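For reference, the structure discussed in these notes is given below.
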Amino acid sequence: MRAATRFAPSPTGPLHLGHAYSAILAHDMAQALGGRFLLRIEDIDRGRSKPEWEAAIYDDLAWLGLTWETPVLRQSDRHAAYAAALDDLWARGLLYPCTCTRRDIEMALGAPQEGVPLAEGPDGPVYPGTCRPEGDAPRAGIPRPTDRHLRVNMARATQGGVATAFTETGPAHQEMILTGAGDYCFGIGDIVLARKDFGTSYHLSVVLDDAAQGITHVSRGEDLFEATRIHVLLQRLLGLPTPIYHHHRLIRDEKGKRLAKRDDARALAKYRAEGATPADIRRTVGLA
Ligand code: GLU
Ligand code: ZN
């Protein structure tokens with residue numbers, strides 16, 4: 003299969019320097035591999051996604067000199083695929099409904115003891131399992147609920163002591179990252195795979211979409227490194243290939259704080275308005 007990388011922004015605000023860095027890296031990686039560069043609009047959060055931000059993304063990326071294949075995949079067009087995967091996992095007894103609020107979860111976890119922090123997974127505190135069904139959960143004939151969050155039953159998903167592996171690459175290294183059943187059950191926990199308001203989750207959508215787009219190399223920020231463990235398990239459960247990963251450093255401001263969408267001061271649009279060139283942007287993020 004021909005190599006393919008992607009850039010997958012959410013249209014919930016202006017692109018800033020960190021996005022430019024991420025997009026250029028993925029684009030240049032595709033070029034170095036003689037592969038394809040794809041774009042995906044991650045708009046499962048319908049409330050925060052806006053067409054004008056999507057338009058601004060295309061405008062900024064084109065200004066940077068990047069080109070990408072069309073059509074662009076939009077997650078809001080992919081609900082049938084997300085639902086089919088959830089139906090499959092549900093029928094296999096790997097999901098269960100959860101009605102806990104954030105407060106319920108904090109209460110169930112109790113006040114953390116002095117000096118003993120709560121186990122923090124990629125999605126926050128490890129879920130205490132309040133709604134997890136006991137024993138086997140035969141689902142044949144029972145329709146999948148869509149009015150509640152659905153969590154992954156990690157104990158069932160990793161039954162038999164499953165461990166996963168993915169390759170992490172960098173400019174000068176290559177490493178195998180292993181995750182064991184214990185890490186999944188106790189370090190990550192029963193994460194939400196379908197939010198009742200979205201009908202999916204970041205984790206499920208990204209895994210299905212990377213596969214649908216034929217992505218062979220995922221280049222993205224190191225803030226998503228731990229989430230990749232979840233993605234690799236989902237790939238295995240759904241029979242999808244695992245890409246090669248590269249988690250890049252994050253662009254930070256002078257105080258060392260990572261840039262966020264709301265940091266309008268770092269918006270590419272602002273640099274453009276002040277007369278910066280794409281070469282200036284490359285230099286500013288250390289890609290001269
Ligand atoms: N949509 C995510 C973001 O804006 C990126 C997801 C990914 O690259 O896997 O941070
Ligand atoms: Zn619950």
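Note that our numbering has the sequence shown beginning at 3, numbered continuously upward. Backbone N, C-alpha and C define an ideal beta-carbon position, used for all residues, glycine too. Keep in mind the model is a prediction, meaning the values are calculated, not measured.
(request) Kindly provide the ranges of any alpha helix (DSSP H) runs that are 4 or more residues long and lie completely inside the region 35 to 71, ordered along the chain. (result) As far as the region 35 to 71 is concerned, its whole alpha helix (DSSP H) runs of at least 4 residues are 53 to 65.
(request) Report the rounded CA-to-CA distance for A278 versus H18, giving the unit in angstroms. (result) Going from the Cα of A278 to the Cα of H18 covers about 13 Å.
(message) For C100, which residues in the same chain have their Cβ closer than 6 Å to its Cβ, ignoring the five residues on either side in sequence?
(response) Short of 6 Å from the beta carbon of C100, and not among the five residues preceding or following it, lie these beta carbons of its own chain, in chain order: C133, H151 and R153.
(message) Shorter than 7 Å, the distance from the beta carbon of T132 to the closest heavy atom of the ligand ZN, or not?
(response) Answer for T132: yes, Cβ within range of the ligand ZN.
(message) For A196, list the residues DSSP reports as bridge partners.
(response) A196 pairs with L152.
(message) Can you tell me whether C187 sits near the ligand ZN, meaning its C-beta is under 7 Å from at least one heavy atom of the ligand?
(response) The answer is no for C187.
(request) Could you spell out where the alpha helix (DSSP H) holding E108 opens and where it closes? (result) Where E108 is concerned, the enclosing alpha helix (DSSP H) starts and stops at R104 to L111.
(request) Confirm the yes/no value for this check: CB of T101, any heavy atom of the ligand ZN, distance under 7 Å. (result) Yes.
(message) Helix, strand or coil for M31? Go by DSSP, reduced to three states.
(response) DSSP places M31 in the helix class (H, G or I) of the three-state scheme.
(message) Taking the alpha carbon of H233 as the reference point, which residue from V209, E224 and L252 has its own alpha carbon closest?
(response) The shortest Cα separation from H233 among V209, E224 and L252 belongs to V209.
(request) Check whether the Cβ atoms of S12 and D47 lie closer than 8 Å to each other. (result) Yes, these two residues count as a Cβ contact at 8 Å.
(message) Checking the sheet assignment: what are the DSSP bridge partners for L75?
(response) In DSSP, L75 forms a bridge with R42.
(message) Could you compute how far the alpha carbon of P145 sits from the alpha carbon of R158?
(response) Going by the C-alpha atoms only, they are around 19 Å apart.
(request) List the residues that DSSP assigns as beta-bridge partners of Q176. (result) DSSP lists T171 as partners of Q176.
(request) For A229, collect the residues of the same chain with a Cβ closer than 6 Å to its Cβ; drop the 5 residues on either side in sequence, then sort them by chain order. (result) Taken in chain order, the residues that qualify are P124.
(message) Less than 8 Å between the beta carbons of E44 and A10, yes or no?
(response) Going by C-beta atoms, E44 is nearer than 8 Å to A10.
(request) Using three-state DSSP, classify L97 as helix, strand or coil. (result) Strand.
(message) Suppose you measure from the CA of L2 to the CA of A86; what does that come to, to the nearest Å?
(response) This structure cannot settle anything about residue 2, because the visible part of the chain is limited to 3 through 290.
(request) Using the Cα positions of S207 and Y84, report the straight-line distance between them to the nearest angstrom. (result) If I take the Cα positions, the gap works out to 7 Å.
(request) Classify Y129 as helix, strand or coil using the three-state DSSP reduction. (result) In the structure shown, Y129 adopts coil according to DSSP, grouped into three states.
(message) Do H219 and G172 have their beta-carbon atoms positioned less than 8 Å apart in this structure?
(response) No.
(request) Run the proximity test for P270: is its beta-carbon closer than 7 Å to any non-hydrogen atom belonging to the ligand GLU? (result) With the sequence shown as reference, residue 270 is identified as Leu, and Pro is not the correct amino acid for it. False, no ligand heavy atom lies under 7 Å from that Cβ.
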